[in-house]
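Student: I'd like to ask some things about the structure below.
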Amino acid sequence: MLELVAAFICLTTLLTYVNYRFIGLPPAIGVMVTALLFSLILQGLSLIGFPGLEERVEGLMNQIDFNDLLMHWMLSFLLFAGALHVNLSDLRSYRWPIGLLATLGVLIATVVIGYLAHWVFALFGWNVPLIYCLLFGALISPTDPIAVLGALRTANASKPLKTTIVGESLFNDGTAVVVFTVLLGIIQLGETPSVADTAILFAREAIGGIAFGGLIGYATYRMIKSVEQYQVEVMLTLALVIGGSAMCYELHVSAPIAMVVAGLIIGNLGRNLAMNDMTRRYMDGFWELIDDMLNALLFALIGLELLLLPFNWLHLAAGGVLAVAVLASRLLTVAPAIVLLRRWRSVPQGTIRVLTWGGLRGGVSVALALSLPQGEERDLLLSITYIVVLSSILVQGLTVGKVVKRVSQQA
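Throughout, the numbering used here is defined as the position within the sequence shown, counted from one, plus 1.
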């Protein structure tokens, strides 16, 4: 296992260097593109005289549990690092659009995408049960916090737009995971859970995650406040994420939501009331480094996953159609919420356009697809999910900055 970790870190570092030295794309997206090219080169070499090379890399990739690695560990680190730099007062000011998009928006998108997928699959000759199509809608509905934060890092978005997009992406994966879990339970058990059971599941995962995140975040803040040594303070936040994530899975509460809440507490209360300038500098440097490294590892994994998926031209065509359908569902979700919000408060022009185009899909969707039960439906949904995610990151991720800039110029 240690050899696998070493090989993957070395490969990711090499891909990062190649992107920085020769390609020049935004770091995370560039690493994914170079990993995709690496996957295609391996497949080409296997065809022209290096048999077994692709299979050896596939064997190594199969040893990585992408779902467990991302959903149980990497996501917690990345969300905590992202939440550290989110201003809590800004988040509170835009709580209504964030709340609507992160809850009701995910539910609406799940249904819309599910029925569109059912129609598209039938159009291409695949008889996929509606429940699997709704499952696809649930796993592809949440905007990915890692992809969104990476794309907006260099975009000069206005504070309302940036806060809404980042806030939504930090919280909506919790709603999506609950919806996904309920639908997956229907498939596995063959029966629909009651409204009460669904409500209990949501309360345990989402509300429990908020409460537990608040508890461990506040406890860590008090410990940081009681010392004046930056090494200890940084170690406390590291222990918070590692230990807190492990405890979340023992308690069956949402670790991603808990880490967002804990990150907001440390990034606001801790930064303002418990840290001196030196601690802030080292804390920011440490978590920015963790964020950049894990982003590179995550997007390299997404690029290399191409080796493991069964693709044909029908998959590519259907995935392209559904990528457009997912974007259309995003518009149908965002527009009513923003139009309704405009009755009570001023909303900048172009908000609908930026929120729609900035709704990137990423590793969370791939991880959920990988957790589907084995079968023909899983293979199809995994391939389609991968194509939609790639389309979202490569097309929207590379152009969202231009969309933001154009909207800002028109405002």
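For every residue, glycine included, the Cβ atom is placed at its ideal position computed from N, Cα and C.
Predicted model only: the values in this text are computed from it and were never measured.
1. Once DSSP output is grouped into helix, strand and coil, what is the label at Pro143?
2. From this set, Phe23, Leu185 and Met224, which residue's C-alpha is nearest Ala370's C-alpha?
3. Going along the chain, which residues of its own chain have a beta-carbon closer than 7 Å to the beta-carbon of Phe312, five neighbours each way excluded?
4. Mind the definition here: the stretch 40-51 touches the stretch 336-354 only if three or more C-beta pairs lie below 8 Å; say whether that holds.
5. Enumerate in chain order the residues of its own chain whose CB-to-CB distance from Met62 is below 8 Å, with the five nearest sequence positions on each side excluded.
6. Report yes or no: do the stretch 395-407 and the stretch 26-36 share at least 3 C-beta pairs separated by less than 8 Å?
7. With a threshold of 8 Å on Cβ separation, who are the neighbours of Leu102 within its own chain once the five nearest residues in sequence on each side are excluded?
8. Can you give the Cα-Cα distance for Lys163 and Ile201, rounded to whole angstroms?
9. Give me the residue from Ala82, Ile303 and His119 with the minimum Cα distance to Val414.
10. Can you give me the start and stop residues for the alpha helix (DSSP H) that Tyr250 sits inside?
11. I'd like the ranges of any alpha helix (DSSP H) spanning at least 4 consecutive residues and lying wholly in the stretch 51-75.
12. For Ser1, which option in Val6, Asn88 and Gly210 has the closest C-alpha, if you only look at C-alpha atoms?
13. Could you check how far apart the C-beta atoms of Lys226 and Ala263 are, in whole angstroms? I think they sit under 8 Å.
14. Buried or exposed for Asp292, going by 16 or more other Cβ atoms inside 10 Å?
15. So Thr221 packs on Leu239, CB below 8 Å; how close in whole Å?
16. Of all the options Met33, Leu16, Asp66 and Leu37, which has the alpha carbon lying nearest to the alpha carbon of Leu5?
17. Output the distance between the C-alpha atoms of Cys134 and Asn296, rounded to the nearest integer angstrom.
18. What three-state label does DSSP hand Gly191 in the structure shown?
19. For the alpha helix (DSSP H) holding Tyr222, just list the boundary residues, first then last.
20. Are Met260 and Gly245 close, meaning C-beta to C-beta below 9 Å?
21. Near Leu140, which residues of its chain fall below 6 Å by C-beta distance, leaving aside the five closest residues on each side in sequence?
22. Return the Cβ separation of Gly268 and His86 in integer angstroms, given the expectation that the two are a contact with Cβ distance under 8 Å.
23. If you draw a straight line from the C-alpha of Tyr283 to the C-alpha of Ile217, how long is it?
24. Which residues bound the alpha helix (DSSP H) around Ile339?
25. Starting from Met276, follow the alpha helix (DSSP H) in both directions and report where the run begins and ends.
26. Which residue marks the beginning of the alpha helix (DSSP H) containing Pro28, and which one marks its end?
27. Between the alpha carbons of Ala207 and Leu298, how many angstroms are there, rounded?
28. Decide if Glu378 is buried, meaning its Cβ has at least 16 other Cβ atoms within 10 Å, or exposed.
29. When DSSP labels each residue in this structure, what does Phe300 get in the three-state scheme?
30. According to DSSP, simplified to helix, strand and coil, what is Gly138?
31. Between the C-alpha atoms of Ile30 and Val149, what's the straight-line distance to the nearest angstrom?
32. Would you check if the distance between the CB atom of Ala36 and the CB atom of Ala301 is smaller than 9 Å?
33. Restricting to runs no shorter than 4 residues, where is the alpha helix (DSSP H) found entirely within the stretch 156-184?
34. Check Phe125 in the structure and name its three-state DSSP category.
35. Flag this pair as yes or no: are the beta carbons of Ala329 and Val121 separated by less than 9 Å?
Tutor: Walking through what the data contain:
1. coil
2. Leu185
3. For Phe312, the CB contacts under 7 Å within the same chain, skipping 5 residues up- and downstream, are Ser384 in chain order.
4. no
5. Leu305, Glu306, Leu308 and Leu309
6. yes
7. Thr165, Glu169, Asn173, Thr334, Val335, Ala338 and Leu356
8. 32 Å
9. There is simply no residue 414 to check, as the chain begins at 2 and stops at 412 in what is shown.
10. Tyr231 to Leu252
11. 54-63 and 67-70
12. Because residue 1 is not part of the residues shown, which for the chain are 2 to 412, the question remains open.
13. Actually they are not in contact, since the Cβ atoms of Lys226 and Ala263 sit about 15 Å apart, beyond 8 Å.
14. buried
15. The pair is not a contact, with the Cβ atoms about 10 Å apart (cut-off 8 Å).
16. Among Met33, Leu16, Asp66 and Leu37, the Cα nearest to that of Leu5 belongs to Asp66.
17. 29 Å
18. Coil at Gly191, not helix or strand.
19. Here the alpha helix (DSSP H) through Tyr222 covers Gly209 to Lys226.
20. yes
21. Phe181, Ser366, Leu369 and Ala370
22. 6 Å
23. 21 Å
24. Segment Trp314 to Leu342, the alpha helix (DSSP H) holding Ile339.
25. That residue, Met276, is in no alpha helix (DSSP H); it is neither H nor E in DSSP.
26. Pro28 to Leu48
27. 27 Å
28. buried
29. helix
30. helix
31. 11 Å
32. yes
33. none
34. coil
35. no
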